[in-house]
Each structure stands twice: as structure tokens, then as C-alpha cells.
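Report on the structure given below.
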Amino acid sequence: MVGSVHTTLPDFQMPNEEQVHLAAEGFRLLADPTRIKILWALLQGESSVACLAELVGASPTAVSQHLAKLRLAGLVKGRREGTFVHYSAADSHVRALLAEALFHADHADHPDRHDDHPHVHESKSAVNIG
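Take 30 as the starting number for the sequence shown in this note's numbering and just add one per residue.
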């Protein structure tokens, strides 16, 4: 009897195929360290490609390509001002998603993590975004 436990749960409902597909696509796009850094920077405020490139340690061309993908996924929005585009995180859902992912990464029990690796604890104060 596959799934019999679920039939006893009140109000249990599987997400529809479109929701599952869109969520998976969003996670796929976030499965890149540079994109996570870009989003983190954009959660702090609006930024240009040049500024983001400097912050994340990537070329402006690479950052532009990442931003285009994030924008298509609805995770980032752009505001044109003359010849410049200022980017920002799309909404509070992006903030919540990224904050949870970073919080989880900071608190997950990873067998290869040891206290002698200082980078493991770097994001603790950064995860507290409001």
C-alpha cells in the first residue's frame, strides 16, 4: 500500500506539476555559488553589474549572464536609468528562500566540516537579514 500514510493526513495535498517544475528550476538556478553571492548582495540593496562583479569576484560579463538567468526566473528585477540597469532581488520570497538556505547550510551536520575550517562559520552573522 504505497502512500497509505498520506491518505490519513487531513488536508494533505501534493503540489501540482507546474509548482514542482518552477520550484525545481528556481533551486537549479540557485545551485551556483556566484548566483547565491549575487542574490545576497542584491538583498542588501540595488546594485549595478560592475559593483556586483567586484563584490562576487567575477567578470562583469559573467555577472550579466547570471543576472539574465535570475531575471528570467523571476528572482531578480532590473530598473533602467539611462544607459544603466540597477538590479535588486525580486521580492521578500527571495530573501526568505536564501536566508533559509544559508541558515540550513550553517546548521546542517556535514561530516566533512570541522572546527579547524574558519570558512564554515563565516555566514552565521550574515544569515541574520531583516
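For every residue, glycine included, the Cβ atom is placed at its ideal position computed from N, Cα and C.
Quick one: grab the DSSP three-state call for residue i.
i: G86; result: coil
i: G103; result: coil
i: S77; result: coil
i: A118; result: strand
i: L131; result: helix
i: T63; result: helix
Check whether the Cβ atoms of residue i and residue j lie closer than 7 angstroms to each other.
i: L81; j: A70; result: yes
i: V114; j: G107; result: yes
i: A97; j: P89; result: no
i: A63; j: V34; result: Contrary to the premise, residue 63 reads as Thr rather than Ala in this sequence. Against a cut-off of 7 angstroms, the Cβ pair of V34 and T63 comes out as no contact.
i: R124; j: L72; result: yes
Between the options, which lies nearest to residue i when the distance is taken from Cα to Cα?
i: S117; options: D135, K66, A91, M43; result: K66
i: A119; options: L131, F132, L101; result: L101
i: S93; options: L68, G111, Q73; result: L68
CB of residue i to nearest heavy atom of the ligand FMN: below 6 angstroms?
i: E75; result: No copy of the ligand FMN occurs in the structure displayed, which carries no ligand at all.
Mind checking who residue i pairs with in its DSSP beta bridge?
i: F113; result: E110
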